[in-house]
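Working notes for the structure below.
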Amino acid sequence: DYYHRLAPPAVSAPAEMEADYHDYVAALHWMIAQGDAARAVSMCTSMVWFWETRGYLLEGQSLVRQVLALPGEVETQRRIDLLSHAASLFWQVHDFAGATAMTEQAIAEANTDCLPGALPSLYNSLGRILIEQGALDRAEAALRQSLTLARQVGALNPGFPVLQLGEVAFARGDLAEEAAHQRAHQRQEQQERDEDRDDLRRVHQRRLLDLGQRLHQADADADDEPHDQHRRRELDGQPDGVAADVQNLGA
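Under the numbering used here, the residue at position 197 of the sequence shown is numbered 1502, and the numbers go up by one with no gaps.
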């Protein structure tokens, strides 16, 4: 239980995990031996990034396979998380067949349990893996599915599959199409930045409106308190930029 609780935050501090690595692995082996699929999947997912970045690739692959083979009830989203992380681990050692199989399994489970939010990223990952194998037609089909779903359900910037489609075109020697995908990717990135700025502007405007309404109400109720003192008290603790804007509005 101790290592199961500690593992998720430990991956953000790899030196700490490495210091106790044998204990983490022993705990994971114990979970596997006990058939504790739910906790084994959770802990294994937390360790995949460490295995990938610290070079424990073959050991990681072996443990992933053992954990995924465990019977027992596991939340679908947790299995999908492990499958998608493990696919990257297998990819790093050029086990493209294993990476493809895990990503396709994750897609199948997301479809079965109606988890559309997971699909755009999974199809994009599958397309990238297939590009590495030279399976360009299958890669294009996966990436177009990713692009369609990204536009329908969100959860992924459509610019990612667009960029990968450019790689497919480049691999085919179609430089004109590759350039078109690059331009589409740049337009998508610019649109994302514009939308972020618009969202920030709307949030700022709502905060200003709310503060203005509160100040108006406070002024109306401040019969026995000087106006300037009441306004200063209302603005106390507000971000400097917002406070300055409200002061300017009242000027």
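Don't be surprised by glycine CBs; every beta carbon is placed ideally from N, CA and C.
Worksheet item: Hey, Ala-1411 and Ile-1385 are a contact pair by Cβ (cut 8 Å); roughly how many whole angstroms apart?
Response: 5 Å
Worksheet item: For Ala-1374, does the three-state DSSP call read helix, strand or coil?
Response: coil
Worksheet item: Any idea if Thr-1350 is buried or exposed, counting beta-carbon neighbours within 10 angstroms, 16 or more meaning buried?
Response: buried
Practice prompt. Mind the definition here: the region 1466-1480 touches the region 1435-1446 only if three or more C-beta pairs lie below 8 Å; say whether that holds.
Written response: yes
Worksheet item: Which residue comes first and which comes last in the alpha helix (DSSP H) that contains Glu-1472?
Response: 1464-1476
Practice prompt. Whole angstroms is fine: what's the gap from Ser-1558's alpha carbon to Leu-1468's?
Written response: This structure leaves residue 1558 out entirely; the chain is present only between 1306 and 1556.
Discussion item. What would DSSP say about Tyr-1361, mapped onto helix, strand or coil?
Written reply: coil
Worksheet item: I think Leu-1373 touches Leu-1387, with their Cβ atoms under 8 Å apart; what is that distance to the nearest whole Å?
Response: 7 Å
Item to complete: Assign Ala-1324 to one of three DSSP states: helix, strand, or coil.
Response: helix
Worksheet item: Ala-1343 and Gly-1365: beta carbons closer than 8 Å?
Response: no
Item to complete: Assign Pro-1313 to one of three DSSP states: helix, strand, or coil.
Response: Note on Pro-1313: pLDDT 49, under 50, position unreliable in the model; the coordinate value appears next. In the structure shown, Pro-1313 sits in a helix (DSSP, three-state: H, G or I).
Practice prompt. Examine the Cβ distances between the region 1433-1440 and the region 1454-1462 and report whether three or more of them are shorter than 8 Å.
Written response: no
Worksheet item: With a Cβ-Cβ cutoff of 8 Å, do Glu-1414 and Thr-1453 count as a contact?
Response: no
Worksheet item: So what's Cys-1419 in DSSP terms, helix, strand or just coil?
Response: coil
Worksheet entry | Reference Phe-1355, options Leu-1375, Asp-1515, Glu-1321 and Arg-1492, closest by Cα | Glu-1321
Discussion item. Quick check on Val-1346 - is its C-beta less than 8 Å from some C-beta in chain B?
Written reply: Of the protein chains in this structure there is only one, and it is not chain B.
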